[in-house]
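So the structure is just underneath, and the comments pick up after that.
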Amino acid sequence: MCTFFTIDCAFSIFRFIPQSNPPSYNIVIKSLTHHHSPRQVILIFKHMCQDNLITLDDFTFYAIFKACSKLQALLENQ
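The sequence shown begins at 231 in our numbering and counts up by one.
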């Protein structure tokens, strides 16, 4: 169990949610973007798209675009 709240702790809790919904995905995506983990954001987005019960919304696209721009910036700085 998590002794203090970290992004890893939040992500591990998210994985155990039986049926995720757009707000839960958006929170994780936004947190990962904020904590400079754009690659993980893309993986979560792929998983979100594969889940037939999830509808993408404006918040999802905003977070994904932001993660993609951060990933591009990381790639350009290598």
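Where a beta carbon is used, it is the ideal one built from N, C-alpha and C, also for glycine.
Asked: Check this for me: beta carbons of Thr-285 and Ile-259, under 8 Å apart or not?; Found: no
Asked: Determine whether the beta carbon atoms of Tyr-255 and Met-278 lie at a separation below 8 Å.; Found: yes
Asked: Is the distance from the Cβ of Pro-268 to the Cβ of Leu-304 below 8 Å?; Found: yes
Asked: Quick check on this structure: which residue in Gln-249, Glu-306, Gln-302, Lys-296 has the alpha carbon closest to the alpha carbon of Thr-263?; Found: Lys-296
Asked: Quick one: using the 10 Å Cβ neighbour count with 16 as the cut-off for buried, is Ile-294 buried or exposed?; Found: buried
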